[in-house]
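Numbering of the sequence shown is given in our numbering, commencing with residue 6 and proceeding in unit increments. Heads up, the beta-carbon is just placed ideally off N, CA and C, and yes, glycines get one too. No experiment lies behind these values; they were computed from the predicted model shown. Worksheet: the structure to be examined is printed underneath.
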Amino acid sequence: MSHSLSPEEIPEGWTTDPDYIDFLDGEWGRIAKRCGLENPIPIMHTTPESGEIQGGQMTFDIYEIIRPTTLDGILKKIRDKKERLIKTRELEQVPTQEDLERAKENEKAGRALMEKMQSPGFLDWAMSQDWSK
6 MSHSLSPEEI PEGWTTDPDY IDFLDGEWGR IAKRCGLENP IPIMHTTPES
56 GEIQGGQMTF DIYEIIRPTT LDGILKKIRD KKERLIKTRE LEQVPTQEDL
106 ERAKENEKAG RALMEKMQSP GFLDWAMSQD WSK
């Protein structure tokens with residue numbers, strides 16, 4: 006299912022520019038999977054000029070819009086400056102198999118580094134490196 010908005014439908018302070026809404030390849034894609042979202046499709050995002058941060062970017066949370074239930078209804082609330090009346094709920098994140106495997110790899114790498122740091126001469130080696138590069 007694809008949603009494309011005409012320029013006239015996009016509320017002030019919002020954009021459908023792919024540079025702002027195409028963010029599911031990175032961490033947000035993993036967060037969407039943790040929330041049980043199979044194929045999320047970003048529709049629009051606030052512009053930097055709006056000063057707004059949407060989608061819980063400070064805490065990496067995703068919220069489901071409960072009311073209104075249609076895109077037209079959501080757009081109307083935004084256009085009428087009644088965004089605070091949009092009812093949402095935070096989606097629960099459940100670690101995926103990929104998360105568990107990544108955590109296991111990170112733990113293994115951390116243990117290997119700790120063992121390396123305990124080896125004779127490591128401190129001398131670390132101090133002699135040029136870490137400015």
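Whole angstroms are fine: how far does the CA of M122 sit from the CA of I46? CA-CA distance, I46 to M122, rounds to 45 Å.
In DSSP terms, what W33 is bridged to: In DSSP, W33 forms no bridge with anything.
State the start and end residues of the unbroken alpha helix (DSSP H) segment that holds R103. The question names Arg, but residue 103 in the sequence shown is Glu. Taken as a continuous stretch (DSSP letters only), the alpha helix (DSSP H) holding E103 covers Q102 to Q123.
What's the C-alpha gap between I71 and A114? Approximately 42 Å between the Cα atoms of the pair.
Would you call the CB atoms of P73 and I67 closer than 8 Å? no
Rank K86, R39, A131 and T51 by C-alpha distance to the C-alpha of D27 and give the top, closest one. It is T51 whose Cα lies nearest to the Cα of D27.
Could you name the residues of the same chain whose beta carbon sits closer than 8 Å to that of E54, not counting the 5 residues immediately before and after it, in chain order? Excluding sequence neighbours, E54 sits near G18.
Between R39 and V99, is the Cβ-Cβ spacing less than 8 Å? yes
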